[in-house]
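Undergrad:
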Amino acid sequence: MFTIILPTYNERENLARFVAALKDVFKSKGLVGRIIVVDDNSPDGTGRIADGLAGQDGSLSVIHRPRKQGIGPAYVDGFRAALQSGASYIFEMDCDFSHNPAYVPDFLEAIKDADLVLGSRYVSGGRVENWGLGRRMISQGGSLYARMILGIPVNDLTGGFKCFRREVLEALDLNSVSSQGYGFQIEMTYRAIRQGFRIKEIPITFADRQLGQSKMSKRIFLEAAPLVWKLRFSRS
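If you read the sequence shown in the numbering used here, its first letter stands for residue 13, the second for the next number, and so on.
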């Protein structure tokens with residue numbers, strides 16, 4: 013069984029549509045999966061929408077957090093809930109349609125001989141749509157910077173479309189993960205590599221959101237700069 017974690021903050025325009033798109037993929041491919049929405053007390057009522065969806069579908073559940081605390085801690089709370097429910101594979105996805113639900117079967121196929129599958133924008137066949145030059149430079153530069161300092165052969169270290177075997181998350185010390193945004197994605201992948209787990213990148217097309225406001229900020233990116241040095245010299 014697999015579980016998809018969807019962290020939300022002000023996603024009322026996207027959440028129901030995205031869940032419906034996931035369900036369509038599940039049905040068309042004969043997949044049985046669960047969805048956990050982790051909402052940070054969205055002012056726009058996203059949490060209420062999530063509760064309504066959960067009331068109609070027993071395979072969807074909601075975690076309500078008291079305030080906006082960052083995507084990293086949201087995922088960690090979702091990971092714990094997924095592990096407790098017995099999920100064998102746990103996905104990270106954004107619900108703004110930048111991560112296409114149609115790729116879910118590709119991840120499940122790829123993880124048959126891997127422990128962590130990364131949806132990569134920067135391998136052959138991967139690409140980004142509707143990004144300006146500045147954002148492309150920040151994303152690709154951040155991945156290159158982290159890859160060079162950490163010395164690991166991963167092309168897209170900052171991407172947030174992932175699938176973990178439960179054994180990976182069980183082996184990592186989730187209590188010590190405190191980074192957010194770019195930093196969180198880098199940290200989780202690097203720790204998995206340090207533990208000896210098998211990493212596979214598969215190409216995806218990342219399409220920038222059409223509705224709602226991007227959560228990316230300069231602060232989130234700058235967090236990663238000192239983090240990679242901390243990881244480089246850590247023992248964990």
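Even glycine gets a Cβ: it sits at the ideal position worked out from N, Cα and C.
Between which residues of its own chain and I135 is the CB-CB distance below 6 Å, once the five residues before and five after are set aside?
TA: Residue mapping note: residue 135 aligns to position 123 of the sequence shown, counting from 1. Residue 135 is actually Val in this sequence, not Ile. N167, E213 and P215.
Undergrad: Measure the C-alpha to C-alpha separation of S151 and R139 and round it to an integer number of angstroms.
TA: As a working mapping, residue 151 is identified with position 139 in the sequence shown. As a working mapping, residue 139 is identified with position 127 in the sequence shown. Cα to Cα, S151 sits roughly 12 Å from R139.
Undergrad: Which parts of the stretch 116-162 are runs of the beta strand (DSSP E), unbroken and 3 residues or longer, counting only runs that do not cross its ends?
TA: Taking only runs of at least 3 residues, the beta strand (DSSP E) segments lying wholly in the stretch 116-162 are 128-132 and 139-141.
Undergrad: Taking the DSSP output, what are the residues bridged to R177?
TA: By 1-based counting over the sequence shown, the position of residue 177 is 165. According to DSSP, R177 bridges with Y101.
Undergrad: How about L128 and F176: do their beta carbons lie closer than 7 Å?
TA: Taking the sequence shown and counting its residues from 1, the one referred to as residue 128 is at position 116. Taking the sequence shown and counting its residues from 1, the one referred to as residue 176 is at position 164. Yes, Cβ-Cβ distance for L128 and F176 is below 7 Å.
Undergrad: Using the DSSP secondary-structure output, state which residues sit across from D51 in a beta bridge.
TA: Counted from its first residue, the sequence shown places residue 51 at position 39. D51 is bridged to T20 and H76.
Undergrad: With DSSP as the reference, identify every bridge partner of E182, one or two as the case may be.
TA: Numbered from its first residue, the sequence shown carries residue 182 at position 170. None; E182 has no bridge partner.
Undergrad: How close, in whole Å, do the beta carbons of G144 and G171 come, if the pair is a contact with beta carbons under 8 Å?
TA: Within the sequence shown, the letter at position 132 stands for residue 144. Within the sequence shown, the letter at position 159 stands for residue 171. Actually they are not in contact, since the Cβ atoms of G144 and G171 sit about 18 Å apart, beyond 8 Å.
Undergrad: Rounding to the nearest angstrom, what Cα-Cα distance links Q81 and P117 in this structure?
TA: Position 69 of the sequence shown, counted from the start, is the residue given in the question as residue 81. Position 105 of the sequence shown, counted from the start, is the residue given in the question as residue 117. Distance between the alpha carbons of Q81 and P117: 31 Å.
Undergrad: So what does DSSP say about I214, is it helix, strand or coil?
TA: Here residue 214 is taken as the residue at index 202 of the sequence shown, counted from 1. Three-state result, I214: strand.
Undergrad: First and last residue of the alpha helix (DSSP H) that includes L27?
TA: Position 15 of the sequence shown holds residue 27. Element bounds for L27: L27 to K41.
Undergrad: Suppose you measure from the CA of Y87 to the CA of P19; what does that come to, to the nearest Å?
TA: Looking up residue 87 in the sequence shown gives position 75. Looking up residue 19 in the sequence shown gives position 7. Near 7 Å, if we compare the C-alpha coordinates of P19 and Y87.
Undergrad: Can you tell me whether D245 is buried or exposed, with buried defined as 16 or more other CB within 10 angstroms of its CB?
TA: By 1-based counting over the sequence shown, the position of residue 245 is 233. According to the sequence displayed, residue 245 carries Phe and not Asp. By the neighbour-count rule (16 or more Cβ atoms within 10 Å), F245 is not buried but exposed.
Undergrad: Start and end of the alpha helix (DSSP H) containing T58?
TA: To locate residue 58, count along the sequence shown from 1; it is residue 46. T58 -> alpha helix (DSSP H) spans T58 to Q68.
Undergrad: Less than 8 Å between C-beta atoms, sequence neighbours within five positions excluded: which residues of the same chain meet that for G57?
TA: Locating residue 57 in the sequence shown gives position 45, counting from the first residue. So the list reads R24, once near-sequence residues are dropped.
Undergrad: Below 8 Å, how does it come out for the stretch 110-125 and the stretch 183-193: are there three or more Cβ pairs, yes or no?
TA: Touching, no, given that fewer than three Cβ pairs across the two stretches are closer than 8 Å.
Undergrad: Which of helix, strand or coil does DSSP assign to G14?
TA: Looking up residue 14 in the sequence shown gives position 2. Strictly speaking, residue 14 in this sequence is Phe, with Gly absent from that position. Note: F14 maps to strand in three-state DSSP.
Undergrad: Only counting the same chain, and skipping five residues up and downstream in sequence, which positions put a Cβ closer than 7 Å to that of P78?
TA: In the sequence shown, residue 78 corresponds to position 66, counting from 1. N53.
Undergrad: G45 by DSSP, collapsed to three states: which one?
TA: Numbered from 1 along the sequence shown, position 33 holds the residue referred to as residue 45. Here G45 sits in strand by DSSP.
Undergrad: For A114 and V37, what's the separation of their Cα atoms in angstroms?
TA: Counted from its first residue, the sequence shown places residue 114 at position 102. Counted from its first residue, the sequence shown places residue 37 at position 25. One C-alpha to the other measures close to 6 Å.
Undergrad: Quick one: give me the first and last residue of the alpha helix (DSSP H) that A93 is part of.
TA: Start at 1 with the first residue of the sequence shown, and residue 93 comes out as number 81. Note, A93: alpha helix (DSSP H), I83 to Q96.
Undergrad: Using the Cα positions of F14 and Q68, report the straight-line distance between them to the nearest angstrom.
TA: The count along the sequence shown starts at 1 and reaches residue 14 at position 2. The count along the sequence shown starts at 1 and reaches residue 68 at position 56. Their Cα atoms are separated by approximately 20 Å.
Undergrad: Less than 7 Å separating the beta-carbons of V50 and I75?
TA: Walking along the sequence shown from the start, residue 50 turns up at place 38. Walking along the sequence shown from the start, residue 75 turns up at place 63. It is a contact, given that the beta carbons lie within the stated cut-off.
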